[in-house]
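Asks: Per the working numbering, the first sequence runs over residues 101 to 411. Structure below; questions to follow.
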Amino acid sequence: MSSKNALRLLVLVGPTGSGKSTLAIRLCKELPGEVISADSRYLYQELNIGTAKPNPAELASVAHHLINVTTLDAPWSLGVFQKETRRLIEDINDRGKLPLLVGGTGQYIRAILQNWEIPAQAPLDDLRKAIEAWGERIGFDALHGRLARLDAEAAAWIDYRNKRRTIRALEVIFASGKRFTELRTKSSSPYQTLVLGLEWPREQLYQRIDARINAMLAQGFVEEVSALREAGRAAQLRRMGIIGYPEILDYLDNKITLDEAVTLIRRNTRIYVRRQANWFKLTDPTIHWVNAADPAVAEHMLDLIKSEFPV
RNA sequence: GCCGAGCUAGCUCAGUUGGUAGAGCAUGCGACUGAAAAUCGCAGUGUCCACAGUUCGAUUCUGUGGCUCGGCA
């Protein structure tokens, strides 16, 4: 907790399918507050049903930020998100409302809460490709060895088998002329924060997710992917690895059946849930976990918010 | 009833020329500083169907029984 006149920031975390979006709208109506989405897939106008993005009526019911703000042709990334979110937190506070940062993208939320300063090097596609080609030539463990010589600290915590992160570290070093590790810091949050978590037993969450996938299909998920495929977006969707879209594309390409696609989507979503849990742990003392199955979950959260942020 | 195949991890199966076993999936855990729904790593679990025989030793060989799946009646 920061000083009394620090900017206020309310955060709502929880795994995919936990009901964050709906709850966020409810909370914002009462506070009043405005939603800042921390979901790396809600950013894109083209993605709707398959990402479980709130529908237009829900989005119109309270102010939402950072949803549908870009297209697949102009992808955002952590740096852009962080810059925009910091600006929004200030702006919403200035207007006398409470910003509610909500989403499942752990890295984005952590970057705000821990006040990360990230290497200010935007992605350079050509350089990335060149480094990757180099790695294919000399072997990726040799590439990692190069990183170790240039920045031993970075090499120590990037697994040698993790090509993508090895390439990113080298990209920053080559483009900036500085070590990757000297360009990154973290510190305590500049905001007065309250972090709420929506907690489900794993088994129940899996059941909710299975039901949600069925609902997506009923809402026309296959048609959404089919339209994107017609528009020539298939390769892009596969490259981004957005759960559900590659599986449905495989179905549309007659590589697998719809049942097989659904099974794969369930599996991949569960794996994602487990990875998400690494960012938001039940043992994290800074997160106030609330039982999501409790019918009064919103009231409990409002009580916590009122005691943290008295009017 | 007869013939054949099978019974090993939660599931599908591999394997042990006889020295008590292993992959994938599932499950759990972890890393993460401009692709993050990405990318990458780690881990556990077994009366090897039952009983008897042979053997120093049987999940493995033999016999009997049980169950499952085919085929033939």
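Note that the Cβ used here is the ideal one computed from N, Cα and C, for glycine as well.
Between the segment 196-208 and the segment 110-128, are three or more C-beta pairs nearer than 8 angstroms?
Replies: The segment 196-208 is in contact with the segment 110-128.
Asks: Relative to the C-alpha of L298, which residue among L364, D359, V397, G239 is closest?
Replies: Here the closest residue by C-alpha is V397.
Asks: Determine the burial state of K286: buried for a count of at least 16 other Cβ atoms within 10 Å of its Cβ, exposed for fewer.
Replies: So K286 ends up on the exposed side.
Asks: Does the segment 205-220 come within contact of the segment 270-288, defined as at least 3 CB pairs closer than 8 angstroms?
Replies: The answer is yes - the segment 270-288 touches the segment 205-220, with three or more Cβ pairs under 8 angstroms.
Asks: What do you get for I238, buried or exposed, if any count of 16 or more other CB atoms within 10 angstroms of its CB means buried?
Replies: So I238 counts as exposed.
Asks: Hey, quick one: how far does the alpha helix (DSSP H) through L227 stretch, first residue to last?
Replies: Here the alpha helix (DSSP H) through L227 covers 225-238.
Asks: Taking only runs that begin and end inside the segment 326-400, name each unbroken beta strand (DSSP E) of 3 or more residues, in chain order.
Replies: Complete beta strand (DSSP E) runs here, min 3: 387-391.
Asks: According to DSSP, simplified to helix, strand and coil, what is E303?
Replies: Helix.
Asks: Nearest-angstrom Cα distance between Q336 and K355?
Replies: The straight-line gap from Cα to Cα measures roughly 18 angstroms.
Asks: Just to confirm before moving on: does the CB-CB distance between N148 and E324 stay below 8 angstroms?
Replies: Cβ atoms of N148 and E324: closer than 8 angstroms.
Asks: Residues bridged to I136 by DSSP?
Replies: Partner(s): H165, L201.
Asks: Apart from the five residues just before and just after N368, which ones in its own chain have a Cβ nearer than 7 angstroms to its Cβ?
Replies: Taken in chain order, the residues that qualify are I343.
Asks: For G133, which option in N262, D241, I189 has the closest C-alpha, if you only look at C-alpha atoms?
Replies: For the residues N262, D241, I189, the minimum Cα distance to G133 belongs to I189.
Asks: In chain order, what residues of the same chain lie with their CB nearer than 7 angstroms to the CB of L224, ignoring the 5 residues before and after it?
Replies: So the list reads E271, A275, once near-sequence residues are dropped.
Asks: Return the CA-CA distance between D394 and R302, expressed in angstroms with no decimal places.
Replies: Approximately 15 angstroms between the Cα atoms of the pair.
Asks: Let me confirm a value: P115 is counted as buried when at least 16 other C-beta atoms fall within 10 Å, else exposed. Which label applies?
Replies: Its Cβ being crowded by 16 or more others within 10 Å, P115 is buried.
Asks: Assuming M316 contacts G150 under a Cβ cut-off of 8 angstroms, what Cβ separation, rounded to an integer in Å, is found between them?
Replies: Right, the Cβ-Cβ distance comes to about 6 angstroms (below 8 angstroms), so this counts as a contact.
Asks: Please say whether R375 and D310 have beta carbons closer to each other than 8 angstroms?
Replies: No, the pair does not count as a contact, with Cβ atoms beyond the cut-off.
Asks: If you measure between the beta carbons of L110 and I405, is that distance less than 8 angstroms?
Replies: Yes, the pair counts as a contact, with Cβ atoms nearer than the cut-off.
Asks: Using the beta-carbon count (16 or more within 10 Å), is L143 buried or exposed?
Replies: Result: buried.
Asks: What does DSSP give as the partner residue(s) for E146 in the beta ladder?
Replies: According to DSSP, which records beta bridges pairwise, E146 is partnered with nothing at all.
Asks: For my contact list, N215 and S288 are in at a C-beta cut-off of 8 angstroms; report their separation, rounded to the angstrom.
Replies: The pair is a contact, with the Cβ atoms about 7 angstroms apart (cut-off 8 angstroms).
Asks: Less than 8 angstroms between the beta carbons of F280 and A318, yes or no?
Replies: No; because the gap between Cβ atoms is not below 8 angstroms, this pair is not in contact.
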